[in-house]
Amino acid sequence: MKRFPFKAIIQAILASVVVSIYFVVVAKLDHKDVPLLSIILHPNMVRGILYGFFLFLSHGYLSKWVADKYPNSKDFGKKMVVFYSISFILTIFVVFLVNAFLSGLFIPTGSKDFLQRFNHFINQQRVAYYFQLAIISWFISMLFFGFYFYKRFKDYQIKESEREKQQITAQFESLKNQLDPHFLFNSLNVLNGLIEEDPKKASLFTTDLSKIYRYVLDHKDKSLVSLQEEITFSKAYLNLLSLRFEAGIQIDLHIHENEINGFILPLSLQLLIENVVKHNVISLKSPLMLKIYRKKDYLYVENNLQKKKVLNGNSGIGLKNIQERYALLSDQPVYIEESADFFSVGLPIIAETVA
20 MKRFPFKAII QAILASVVVS IYFVVVAKLD HKDVPLLSII LHPNMVRGIL
70 YGFFLFLSHG YLSKWVADKY PNSKDFGKKM VVFYSISFIL TIFVVFLVNA
120 FLSGLFIPTG SKDFLQRFNH FINQQRVAYY FQLAIISWFI SMLFFGFYFY
170 KRFKDYQIKE SEREKQQITA QFESLKNQLD PHFLFNSLNV LNGLIEEDPK
220 KASLFTTDLS KIYRYVLDHK DKSLVSLQEE ITFSKAYLNL LSLRFEAGIQ
270 IDLHIHENEI NGFILPLSLQ LLIENVVKHN VISLKSPLML KIYRKKDYLY
320 VENNLQKKKV LNGNSGIGLK NIQERYALLS DQPVYIEESA DFFSVGLPII
370 AETVA
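Just add 19 to the spot in the sequence shown (first one is 1) and you have my numbering.
Structure, rendered in structure tokens:
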């Protein structure tokens with residue numbers, strides 16, 4: 020639920036007061052014999068306050084709307100055209116409504132009387148007056164336009180700086196969490212056993228293990244990778260798990276060909292899979308059920324809960340790392356859901372790569 024825009028309204032009131040004070044001072048200098056109270060209470064002064072309030076408020080929201088609609092700096096020309104076109108129409112509309120309100124046009128009367136008053140009101144309006152106010156509004160709007168886009172530019176610079184720092188950390192975390200010595204040690208132990216028991220399986224295991232390391236080396240510097248690439252890579256990792264745990268782990272990778280569009284963080288899917296393996300008991304008597312599927316714009320990794328009694332001290336670091344990295348790239352949160360029976364994590368699928 021959106022909060023009531025108290026801050027914007029207070030700013031609009033202050034702006035109207037400042038403008039009104041200016042007009043009061045100018046009017047007093049030009050009409051020294053006229054009492055100050057008469058100048059303050061003059062209808063045109065009230066009209067100016069209402070103009071200032073509603074034009075300030077409406078143009079503030081217009082600036083924000085244009086900034087949100089065209090966030091790319093390459094669209095500056097389009098922003099200008101859209102902003103000033105709407106600003107012109109908006110100014111005329113606001114001035115018309117304020118004039119109509121002050122003329123008493125909205126006072127309930129009979130339809131015939133309303134039409135007469137409406138025609139009289141229209142005849143009193145001057146096109147030149149509206150254009151004059153629209154031009155003045157344009158100049159004032161430049162302040163809004165410059166303020167919002169300067170703020171967006173500074174926010175973008177800060178976010179880029181944070182993303183670069185986070186990416187350096189992510190490279191380290193990816194290599195440490197995804198392919199740490201513990202994982203490599205276990206993989207080599209499994210490989211050693213397979214060489215003696217089943218050379219054919221050992222060959223497949225070696226192939227998948229090499230694919231994993233190659234993928235990490237090729238993608239560790241990227242901010243995003245295609246969902247198709249990440250799934251293809253994760254299949255190699257899942258093959259290792261199947262060879263290692265055999266029937267102790269049951270994998271359901273449910274992604275259709277028409278669902279592999281979009282981008283996610285590199286190694287994020289593999290990290291979630293490894294977390295499942297790291298934090299749960301896996302045995303032939305109690306198989307670990309791992310399900311990977313897409314639902315709308317999220318990729319989910321879900322498993323039945325068979326928590327280990329003793330976990331490493333770094334429990335939760337990898338998931339936190341994913342959340343922090345996603346926060347720098349997308350407004351969509353990472354969904355985490357846990358019940359007595361299952362644990363599920365949803366990764367946002369980003370529509371396009373970050374420049």
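Virtual Cβ for every residue (Gly too), placed ideally from N, Cα, C. Just so it is clear, the structure is predicted and the values come from calculations on it, not from any experiment.
Residue i, buried or exposed, once every other Cβ within 10 Å from all chains shown has been counted against 16
| i | result |
| --- | --- |
| Val-146 | exposed |
| Phe-73 | buried |
| Glu-375 | The requested residue 375 is not part of the displayed model; the chain covers only 20 to 374. |
| Gly-79 | buried |
| Leu-207 | exposed |
| Leu-228 | buried |
| Phe-102 | buried |
Inter-residue CB distance, residue i and residue j (contact presumed, cutoff 8 Å)
| i | j | result |
| --- | --- | --- |
| Lys-326 | Asn-299 | 6 Å |
| Lys-281 | Ile-341 | As written in the sequence, residue 281 is Gly, which differs from the Lys given in the question. Contact doesn't hold; Cβ gap of about 16 Å is too wide. |
| Val-295 | Leu-272 | Contact flag wrong, Cβ pair sits at about 13 Å. |
| Leu-152 | Val-114 | 5 Å |
| Leu-307 | Asp-360 | The Cβ separation is near 13 Å, so there is no contact. |
Coil, strand or helix - residue i by DSSP
| i | result |
| --- | --- |
| Tyr-317 | strand |
| His-273 | strand |
| Leu-324 | coil |
| Leu-18 | The structure shown has nothing for residue 18, since the chain only spans 20 to 374. |
| Val-244 | strand |
| Ile-250 | helix |
| Pro-367 | strand |
| Phe-362 | strand |
| Leu-198 | A caution first: Leu-198 carries a pLDDT of 46, below 50, which makes its placement in the model unreliable, though a value can still be read off. Here Leu-198 sits in coil by DSSP. |
| Leu-228 | helix |
| Leu-33 | helix |
| Tyr-354 | strand |
| Tyr-312 | strand |
| Tyr-70 | helix |
Whole-angstrom distance between residue j and residue i, CA atom to CA atom
| i | j | result |
| --- | --- | --- |
| Glu-249 | Lys-98 | 36 Å |
| Phe-264 | Ile-270 | 11 Å |
| Lys-230 | Phe-362 | 28 Å |
| Trp-84 | Tyr-70 | 21 Å |
| Glu-215 | Gln-176 | 56 Å |
| Gly-365 | Gln-351 | 10 Å |
| Ile-154 | Glu-343 | 46 Å |
| Phe-166 | Ile-105 | 18 Å |
| Lys-88 | Leu-81 | 10 Å |
| Tyr-345 | Lys-314 | 18 Å |
| Lys-195 | Asp-174 | At Lys-195 the pLDDT is 47, less than 50, meaning the model places this residue with poor confidence; the figure from the coordinates comes in the next sentence. Distance between the alpha carbons of Lys-195 and Asp-174: 31 Å. |
| Ile-292 | Asn-322 | 9 Å |
| His-139 | Leu-33 | 34 Å |
| Gln-197 | His-238 | With a pLDDT of 48 at Gln-197, under the threshold of 50, the predicted position of this residue should be treated as unreliable, and no value is reported. |
| Tyr-354 | Pro-367 | 8 Å |
Beta-carbon proximity of residue i to residue j, cut-off 8 Å
| i | j | result |
| --- | --- | --- |
| Leu-318 | Leu-338 | no |
| Ile-301 | Ile-268 | yes |
| Leu-121 | Arg-182 | no |
| Leu-243 | Leu-290 | no |
| Leu-257 | Ile-279 | no |
| Leu-262 | Lys-220 | yes |
| Leu-213 | Phe-224 | yes |
| Ala-86 | Arg-171 | yes |
| Val-149 | Ile-111 | For the sequence presented, residue 149 should be read as Tyr rather than Val. Yes. |
| Ala-266 | Leu-303 | yes |
| Tyr-234 | Phe-252 | yes |
| Ser-347 | Gln-185 | According to the sequence provided, residue 347 is Leu. The question's Ser does not apply to it. Yes, Cβ-Cβ distance for Leu-347 and Gln-185 is below 8 Å. |
| Leu-391 | Ile-29 | The displayed coordinates of the chain run from 20 to 374. Any statement about residue 391 would go beyond what the structure contains. |
Proximity test, Cβ basis, 8 Å: residue i and chain B
| i | result |
| --- | --- |
| Glu-215 | The chain labelled as chain B is not found in the depicted structure, where only one protein chain is given. |
Contact test: residue i Cβ vs the ligand SAM heavy atom, cutoff 7 Å
| i | result |
| --- | --- |
| Gln-144 | Among the components modelled here there is no ligand, and therefore nothing to report on the ligand SAM. |
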